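Residue numbers (my numbering): 3 to 410. Glycine residues also receive a C-beta, built at the ideal position from the N, C-alpha and C atoms. No experiment lies behind these values; they were computed from the predicted model shown. Remarks on the structure that follows.
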Amino acid sequence: MNEKKSHEIGIMSSVCSTLAKRERLRHVVDIGSGKGYLATTLYMQYQLSVIGIDSQIGNTHGALRRKQRLEKQYKGLVKRQQERTDNSRKCRNSEHLSEPPVRETVMRGESHEVTVSSEGHKVMVNSESHKVKVNSEGHKVMVNSESHNATEDDKPTHIALTAFIGPNDQLDKYVEPYFQNNQFMLTGLHTCGDLAGSMSRQFIHSPACTLMVGVGCCYHLISEMFCANPFQPKEEASATPQFPLSSFLRDKHVKLGRNCRMLSMQSRIGQDSVFDVSLFWRALLQKILFDVHGYWRKDWILGKIASRCSSFREYVRKAFHKLHIESQLTDAQIDDYVHQHAHVENKMAMFFQLRTALSPAIESVILLDRCLYLLEQNATTMVVIKKLFHPSKSPRCYAIIAKKKEAR
């Protein structure tokens with residue numbers, strides 16, 4: 003893991019473990035688990051049974067390979083850490099680094115790779131020692147393995163499951179075959195776009211889920227109820243928009259728009275400047291296109307070509323080529339545009355600095371909407387927003403922690 007990911011996983015796993023211990027929970031579902039960094043930490047270091055769910059099968063494979071490598075090296079890592087701890091006489095955290103009370107062969111036997119069909123009717127599990135089929139209607143698990151026992155709740159397990167779970171899907175049908183009737187915690191570290199809102203819905207609608215810890219990100223990808231994405235065909239629009247979630251904001255028809263959501267992702271902390279010369283180049287290119295052709299089409303998309311250009315000349319040439327436009331501009335004419343509008347660059351830099359000051363306010367609206375949605379539900383007993391990470395290392399640093407009444 004890089005420094006940013008290590009910072010996030012260390013804090014997030016500690017918070018989840020502490021809350022799980024306080025609520026006497028031994029089971030965790032990690033939504034949008036990616037490569038399984040959080041799931042494997044909760045499983046190996048804190049000895050919790052974890053189901054990691056991700057929609058990309060490549061991430062599932064990567065999570066399993068990483069876990070298998072860690073299992074082989076974990077004993078040595080623990081031993082070296084304990085030696086350093088003993089030498090420095092700092093034993094406060096040594097209990098969290100103890101080896102899981104299961105043999106390596108058993109741990110491999112209890113790690114599964116699961117693929118869910120798009121209809122959600124069947125789950126196929128493949129591993130070297132397991133072949134499992136789950137019928138979502140009957141919630142039955144058929145296991146062809148001597149080492150797996152679904153009724154043994156004292157042994158921590160790690161399951162990597164490939165599935166796309168929408169806001170209207172039932173999370174319990176994926177979880178119950180492995181956790182039986184046990185209550186569980188729902189976690190998500192930097193759940194992208196609509197997944198954070200979908201996670202809140204799953205938390206409310208799942209009777210067995212009593213605790214949630216979620217950190218969202220990628221606000222620019224959120225689907226809105228009262229503002230359509232101009233770059234997305236209507237047939238691809240989400241049937242269940244994830245902003246606003248709360249009835250309070252829905253009744254007021256609150257909307258943000260794409261520009262606001264893009265702005266909510268920008269952070270001034272840890273940056274010398276939020277302004278990049280590519281923004282000036284992009285504005286100047288639009289001026290040139292208006293002067294030369296008299297119009298600018300909304301479907302013209304350049305992408306990040308500025309990062310591959312060493313000068314504005316090169317940027318203009320590549321932009322015209324990508325847009326399939328013939329240009330008669332000479333290098334001298336392009337340079338004249340730069341000289342004539344050089345004063346605008348400083349004004350744009352000041353504008354973007356001022357604009358970025360609004361970023362925290364927009365992010366707060368999104369986070370408070372999710373909190374309001376949870377508070378509006380009768381089953382919710384506690385909802386808090388907590389800053390978990392240092393903003394300079396992880397700008398999306400706020401977690402929503404919610405507790406629900408236990409199912410009877």
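query	result
For ASP56, which residues of its own chain have a beta-carbon under 7 Å away from its beta-carbon, when the five flanking residues on both sides are left out?	GLY34, SER35, GLY36, THR62, THR164
Taking DSSP as the reference, what is the three-state secondary structure of ASP278?	coil
Taking DSSP as the reference, what is the three-state secondary structure of TYR400?	strand
Helix, strand or coil, according to DSSP, for ILE387 in the structure here?	strand
Nearest to LEU356 by CA position, among SER269, LYS257, VAL367, is which residue?	SER269
So HIS345 is in the alpha helix (DSSP H); what residue range does that whole segment cover?	344 to 358
Could you check where the beta strand (DSSP E) with VAL52 kicks off and where it finishes?	51 to 56
Can you tell which of CYS262, VAL215, GLN335 has its C-alpha closest to the C-alpha of CYS229?	CYS262
State the Cα-Cα distance for the pair ARG315 and ILE364, rounded to the nearest angstrom.	36 Å
May I ask you to list the residues that DSSP assigns as paired with MET14?	According to DSSP, which records beta bridges pairwise, MET14 is partnered with nothing at all.
Quick check: what's the CA-CA separation for LEU325 versus GLY305?	11 Å
Tell me the DSSP secondary structure of ALA334 in three-state form.	helix
Which first and last residues belong to the alpha helix (DSSP H) in which PHE228 is found?	Here PHE228 belongs to no alpha helix (DSSP H), and DSSP marks it neither H nor E.
Return helix, strand or coil for GLY199, following the three-state DSSP convention.	helix
Which residue from LEU191, ASP171, LEU213 puts its Cα closest to that of SER200?	ASP171
Can you tell me whether TRP283 is buried or exposed? The criterion is at least 16 other CB atoms within 10 Å of its CB, across all chains shown.	buried
Should the region 341 to 354 be called in touch with the region 241 to 255, which here means at least 3 C-beta pairs below 8 Å?	no
Starting from PHE186 and walking both ways along the beta strand (DSSP E), at which residues does that stretch end?	186 to 194
Quick check: the region 362 to 377 against the region 175 to 190, are at least 3 beta-carbon pairs closer than 8 Å?	no
What are the boundary residues of the beta strand (DSSP E) that THR42 is part of?	Here THR42 belongs to no beta strand (DSSP E); instead the alpha helix (DSSP H) covers 39 to 46.
In this structure, how does DSSP classify GLY216 when only helix, strand and coil are distinguished?	strand
Looking only at C-alpha atoms, which of LEU377, LEU390, PHE245 sits nearest to LYS407?	LEU377
How many Å lie between ALA65 and LEU188 at the Cα?	18 Å
Put CYS311 into one of helix, strand or coil per three-state DSSP.	coil
Under 6 Å Cβ to Cβ from ILE336, same chain only, skipping five residues before and after it: list those, please.	ARG315, VAL318
Take GLN379 and list the residues in its own chain whose beta-carbon comes closer than 7 Å to its own, dropping the five residues that flank it on each side.	ILE206
Taking only three categories from DSSP, how would you classify SER147?	Legend: pLDDT at SER147 = 31, less than 50; position of this residue unreliable, no value from coordinates given.
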